[in-house]
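Notes follow the structure.
Numbering (the UniProt record's numbering), first residue to last: 1 to 311.
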């Protein structure tokens, strides 16, 4: 990390601009050359909470420790009015924290910048993100294992990969994600809108009590997605069956335009099908015609106006 806060109670970061100037590192990575490591992470101190630390170590090894600002094992955190530009990798990371509020944050990186997630939350509880604008080359907000009690409201996403829960199921023993609300979000030109993704392998993890409400899609490639066969670039895919149980997920008042024919894709696990899915007042169009759906192993109810039908 450039800036790293660890084991603190009561901290406020107000205003400021962080420009990591990551373009040269992005270009190096895309070239396939051996690249510098970038910003480095402070040493890990907390040796407790085995699953949480295992998730953290996985996160660190996967993401090469090139984040701009991070908060770990801390409570009562406020980040207000911060601008983060051109991170080498993730811009803002919340890991193992409790009672965190981010508001008025602005994040920006090129649309082709690799792994430049705007805000990443994992192993944390009672986190809120308000009145924020994010445009990057990866997830607007990424939500990792162990997240419980996340509220996202009045956020603008675009460019990037949308708001993603996951990827989940990379480890056989993994904490779940629960009690997440995404409300009043606009997606513009993103690869995905609202998404839950898991690897196709055995895992003890889960995603439950998730609410996506009042979302506007503007030329989004995949507006509504559950993908339990996640495998980016189709490289080293496990090609098994996802053990992640997805349940009680609401998609309510989601409307706008899809950049692809399929506006709703629910690709759930055949051994642990999605249950308690609710689609209500969804209206998605593709080239001025109703979008299509592709749904498998998903159960639940439909209500209100629906375009397209799925369950």
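The beta carbon of each residue, even a glycine, is placed where N, CA and C say it ideally should be.
{"Item": "Distance between residue 225 and residue 199 (C-alpha atoms, nearest Å)", "Value": "14 Å"}
{"Item": "Environment of residue 262 [buried if 16+ CB atoms lie within 10 Å]", "Value": "buried"}
{"Item": "The segment 250-262 in contact with the segment 280-287 per 3-pair CB rule at 8 Å", "Value": "yes"}
{"Item": "Residues near residue 303 in its chain [Cβ-Cβ closer than 6 Å; skip 5 each side]", "Value": "280"}
{"Item": "Short Cβ contact (8 Å threshold) for residue 325 with residue 137", "Value": "There is simply no residue 325 to check, as the chain begins at 1 and stops at 311 in what is shown."}
{"Item": "Closest by C-alpha distance to residue 16, when choosing among 3, 268, 211 and 237", "Value": "3"}
{"Item": "Beta-carbon spacing of residue 323, residue 293 below 8 Å", "Value": "Because the chain is modelled from 1 through 311, residue 323 falls outside the range shown and cannot be assessed."}
{"Item": "Contacting residues, own chain, Cβ-Cβ under 7 Å from residue 11 (five flanking each side not counted)", "Value": "5, 74 and 77"}
{"Item": "Classification of residue 308 by the beta-carbon crowding that lies within 10 angstroms, buried from 16 upward", "Value": "buried"}
{"Item": "Length of the line joining the Cα atoms of residue 116 and residue 133", "Value": "14 Å"}
{"Item": "Proximity of residue 93 and residue 127 at Cβ, strictly below 8 Å", "Value": "no"}
{"Item": "Buried or exposed by the 16-neighbour rule on C-beta atoms within 10 Å, applied to residue 166", "Value": "buried"}
{"Item": "Under the three-state DSSP convention, the category residue 27 falls into", "Value": "helix"}
{"Item": "Alpha-carbon to alpha-carbon, residue 194 and residue 124", "Value": "20 Å"}
{"Item": "Inter-residue Cα distance where the pair is residue 149 and residue 26", "Value": "33 Å"}
{"Item": "Which of helix, strand or coil DSSP assigns to residue 86", "Value": "coil"}
{"Item": "CB of residue 122 within 8 Å of CB of residue 90, strictly", "Value": "no"}
{"Item": "Nearest residue (CA-CA) to residue 98, options 248, 71 and 118", "Value": "71"}
{"Item": "Euclidean distance between Cα positions of residue 103 and residue 203", "Value": "34 Å"}
{"Item": "Residue 233, DSSP secondary structure in three states", "Value": "helix"}
{"Item": "Reduced DSSP secondary structure (H/G/I, E/B, other) of residue 302", "Value": "strand"}
{"Item": "Beta strand (DSSP E) runs contained entirely in the segment 241-274, provided each spans 3 or more residues", "Value": "245-258 and 262-267"}
{"Item": "Beta-carbon proximity list for residue 276, same chain, < 6 Å, skipping 5 on both sides", "Value": "247, 248 and 300"}
{"Item": "Check whether residue 108 and residue 85 have beta carbons under 8 Å apart", "Value": "yes"}
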